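In full-length UniProt numbering, the protein residues as written are 1 to 216.
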């Protein structure tokens, strides 16, 4: 049964390589989402037991909210949720969770999904750059939905609602990464060019001597 499934997948991947790549990319991405959902509550609790929860982390002011307060790209006001913004403790819980997942994701996507044999350091540099850009974009978007989600869920289900809000916000982050990363990884994880010997335009040195040709 397993061998038949493996053979069927190999035939599918050979016939539709782009679709197969996307399927594998999706499966690995879902696995990383599950990992983040498991890590986030644990790290949030760990950092939440430290004084960092009462240390505000509000940087990069870019606009003004409707109530006149400043809109920060990274907006983690001091104090536990929902009264506060989780402080530096919440910021670190989110970023450490994402960093762990993305490091694992980098190696799995490179070797399993795209089977890249290019320069790993060059790919890692571009991946890190893309990760930073996506992190800033996700943080900016979180400024719109984090507070309403936590307030709504905690008001109704208390601590259970807080855990549920952790899950919802992490899923949103994962969806943003999923949508943006696939086309980026297609570029980053390109395969190295074939050797000249495999190039159809390169003359072969071992070609047979045409019939009738002899030494002059």
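Beta carbons are placed, not taken as given, at the ideal position from N, Cα and C, and that holds for glycine. No experiment lies behind these values; they were computed from the predicted model shown.
Check: Proximity winner among 82, 169, 76 and 19, relative to residue 56 (alpha-carbon distances); Outcome: 76
Check: Endpoints, beta strand (DSSP E) assigned at residue 181; Outcome: Looking at the DSSP string, residue 181 is not in any beta strand (DSSP E); the run it does join, the alpha helix (DSSP H), is 120 to 188.
Check: Extent of the continuous beta strand (DSSP E) run through residue 57; Outcome: 57 to 64
Check: Distance between residue 17 and residue 79 (C-alpha atoms, nearest Å); Outcome: 50 Å
Check: Counted within 10 angstroms of its Cβ, other Cβ atoms place residue 204 as buried (16 or more) or exposed; Outcome: Reliability of the predicted coordinates at residue 204 is poor, the pLDDT of 47 falling under 50, and the value obtained from them is presented with this limitation in mind. Exposed, because fewer than 16 other Cβ atoms sit within 10 Å of the Cβ of residue 204.
Check: C-alpha distance - residue 160 paired with residue 117, whole-angstrom precision; Outcome: 46 Å
Check: Residue of 171, 25, 59 and 149 minimising C-alpha distance to residue 183; Outcome: 25
Check: Rounded C-alpha distance that separates residue 130 from residue 113; Outcome: 18 Å
Check: Residue 75 in three-state terms, based on DSSP; Outcome: strand
Check: Terminal residues of the alpha helix (DSSP H) in which residue 96 lies; Outcome: 87 to 108
Check: Assigned exposure category for residue 166 - 16 Cβ within 10 Å defines buried; Outcome: buried
Check: Same chain only: Cβ atoms within 8 Å of residue 71, ignoring 5 sequence neighbours per side; Outcome: 61, 62, 63, 64, 65 and 143
Check: 6 Å Cβ shell around residue 93 - same chain, five flanking residues per side excluded; Outcome: 43, 44 and 47
Check: Integer Cβ distance of residue 87 from residue 52, believed to fall under 8 Å; Outcome: 6 Å
Check: Candidates 181, 83 and 9, of which the one nearest residue 155 by Cα; Outcome: 83
Check: Helix, strand or coil at residue 70 [DSSP, three-state]; Outcome: strand
Check: Closest residue to residue 41 among 105, 115, 171 and 187 (Cα-Cα distance); Outcome: 171
Check: CA-to-CA distance, residue 10 to residue 178, given in whole angstroms; Outcome: 24 Å
Check: As assigned by DSSP and simplified to three states, the class of residue 16; Outcome: coil
Check: Residue 104 and residue 37 closer than 9 Å at C-beta; Outcome: no
Check: Rounded Cβ spacing between residue 109 and residue 185 (contact assumed at less than 8 Å); Outcome: 6 Å
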